[in-house]
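Everything below concerns the one structure shown next.
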């Protein structure tokens, strides 16, 4: 009877631990472990840029904004096990709004959104689903691995990661990276994805920031930026720096002589003991 | 500014002018606008829009997107373009090409954007973006 209880205990523990480890592995795969309260990211461009801003009272449904020196990004203002609340900001020197001068005033657009940590689904404060953000994607994909960049039924967009020889110069030095590129139909409209992401965090460090549901949360339907858009400030550690050295080959070749030496030494030692 | 930088800058300007001319010639009386981005090694992307203005609308509209490699080692992928009319996407796509154009239609506002990523062993991977939404 005691033996059976012990067996049952081991079996239960095995089941519980299996479920736990599968859960932990899944959570690690999809949730950004670097996202904490206070985490922020800022991107900057110093050239003239344009934005289409949502405006239901405009006959076209949007305002046309032109600006200089845009800094945009997001900050995590609260987070729990399943979702994060992000504050989205677009700061700029205003040039024109619908052709009317803004007198180079320093202006800001702000918004707040909720992001589901496992699916990256973005919701506005009323709970309306805006889409799947690609401001970050799952980290550490392998070459050719499919990465989901949009998943709002009926549209699901999966792009293969390109990792080989992808690295960036960032404010934190050289970083390993991967790219995701493609065009897909979303809500009946073609949409481009051009993402250059950090390998260790999945954070978008370069590429086209033309549209994203997080930006939609600040009323920005499209962001037409010029020049190089740089990741100018963040408190996220991008991870290991790029190192083109193939350490697996080096370690393999360094280990082989040691193994050979140990094998020879053991066989020599055995022979010596036999002789004695 | 060193000599090669001047040459690169000059070639960039020449390409920009050629692009602008390509847009203007089909519609001589059109309003046109172009924008380019770049570059580290003479590479870059450009986009432009044109249209004949009349009564607050643009007729015979044209959009252009393009890229060039300069002395950069290689394109990382395709040219990406998005063309806007009345603030909404009317065409978006990508192709391993150096330019893409569209003509036709009547709109109140026009916009275009182009993006391309590049790779060079001196800088790694990077992308240039060009956006223009300047008409009116």
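Chains as they are written, first to last, in our numbering: chain A, 8 to 283; chain B, 6 to 141.
Every residue gets a Cβ at the ideal spot worked out from N, C-alpha and C, and that includes glycine.
Contact criterion: CB-CB distance below 8 angstroms. Does residue 76 of chain A meet it with respect to chain B? Position 69 of the first chain, counted from the start, is the residue given in the question as residue 76 of chain A. Among the CB atoms of chain B, none fall inside 8 angstroms of the CB of residue 76 of chain A.
Partners in chain B for residue 236 of chain A, counting only beta-carbon separations shorter than 7 angstroms: For the purposes of this step, residue 236 of chain A is taken as the residue at position 229 of the first chain. For residue 236 of chain A, the C-beta contacts it makes with chain B under 7 angstroms involve 134, in order along the chain.
When burial is assigned at 16 or more other CB atoms within 10 Å of the CB, is residue 267 of chain A buried or exposed? On the first chain, residue 267 of chain A is found 260 positions in, with the first residue counted as 1. Residue 267 of chain A counts as exposed, since fewer than 16 other beta carbons sit within 10 angstroms of its beta carbon.
In this structure, what does DSSP give as the bridge partners for residue 219 of chain A? Indexing the first chain from 1 puts residue 219 of chain A at position 212. Residue 219 of chain A is not bridged to any residue.
Closer than 7 angstroms, Cβ to any Cβ of chain B: which residues of the segment 109-131 of chain A, in chain order? Using a CB distance below 7 angstroms, no part of the segment 109-131 of chain A faces chain B.
Determine the direct distance from the alpha carbon of residue 87 of chain A to that of residue 102 of chain B, and round the result to whole angstroms. For the purposes of this step, residue 102 of chain B is taken as residue 97 along the second chain, with counting starting at 1. For the purposes of this step, residue 87 of chain A is taken as residue 80 along the first chain, with counting starting at 1. The alpha-carbon atoms of residue 102 of chain B and residue 87 of chain A are separated by roughly 45 angstroms.
Minimum C-alpha distance to residue 166 of chain A - residue among A/74, A/198, A/107: Numbered from its first residue, the first chain carries residue 166 of chain A at position 159. Checking every option, the nearest Cα to that of residue 166 of chain A belongs to A/198.
In the DSSP output, which residue or residues are listed as bridge partners for residue 39 of chain A? Here residue 39 of chain A refers to the residue found at position 32 when the first chain is read from its first residue. Per DSSP, none; premise fails for residue 39 of chain A.
Could you give the distance in angstroms between the alpha-carbon of residue 99 of chain B and the alpha-carbon of residue 121 of chain B? Start at 1 with the first residue of the second chain, and residue 99 of chain B comes out as number 94. Start at 1 with the first residue of the second chain, and residue 121 of chain B comes out as number 116. The alpha-carbon atoms of residue 99 of chain B and residue 121 of chain B are separated by roughly 9 angstroms.
Indicate the three-state DSSP secondary structure (helix, strand or coil) for residue 241 of chain A in the structure shown. Your numbering for residue 241 of chain A matches position 234 in the first chain. The answer is strand: DSSP assigns residue 241 of chain A an E or B state.
Taking 8 angstroms as the cut-off, does the segment 213-224 of chain A touch the segment 108-123 of chain A (at least 3 CB pairs, one atom from each stretch)? Yes, the segment 108-123 of chain A touches the segment 213-224 of chain A.
Spatially closest choice to residue 111 of chain B from B/39, B/40, B/60, by CA coordinates: To locate residue 111 of chain B, count along the second chain from 1; it is residue 106. Of B/39, B/40, B/60, the residue nearest in Cα terms is B/60.
Could you name the residues of the same chain whose beta carbon sits closer than 8 angstroms to that of residue 245 of chain A, not counting the 5 residues immediately before and after it, in chain order? Numbered from its first residue, the first chain carries residue 245 of chain A at position 238. Result list for residue 245 of chain A: 177, 179, 182, 205, 207, 208, 210, 212, in chain order.
Short CB-CB distance (under 8 angstroms) between residue 196 of chain A and chain B: Here residue 196 of chain A is taken as the residue at index 189 of the first chain, counted from 1. It does; some Cβ of chain B falls within 8 angstroms.
Please tell me whether residue 173 of chain A has its Cβ less than 8 angstroms away from any Cβ of chain B. If you number the first chain from 1, residue 173 of chain A lands on position 166. Yes, contact with chain B.
Can you find a C-beta in chain B that's less than 8 angstroms from the C-beta of residue 57 of chain A? Translated into positions along the first chain, residue 57 of chain A becomes position 50. Judged by the 8 angstroms Cβ criterion, residue 57 of chain A is in contact with chain B.
Check whether residue 136 of chain B and residue 57 of chain A have beta carbons under 8 angstroms apart: On the second chain, residue 136 of chain B is found 131 positions in, with the first residue counted as 1. On the first chain, residue 57 of chain A is found 50 positions in, with the first residue counted as 1. Between residue 136 of chain B and residue 57 of chain A, the gap from beta carbon to beta carbon is short of 8 angstroms.
Under the three-state reduction of DSSP, which class applies to residue 45 of chain B: helix, strand or coil? Numbered from its first residue, the second chain carries residue 45 of chain B at position 40. DSSP places residue 45 of chain B in coil when its eight states are reduced to three.
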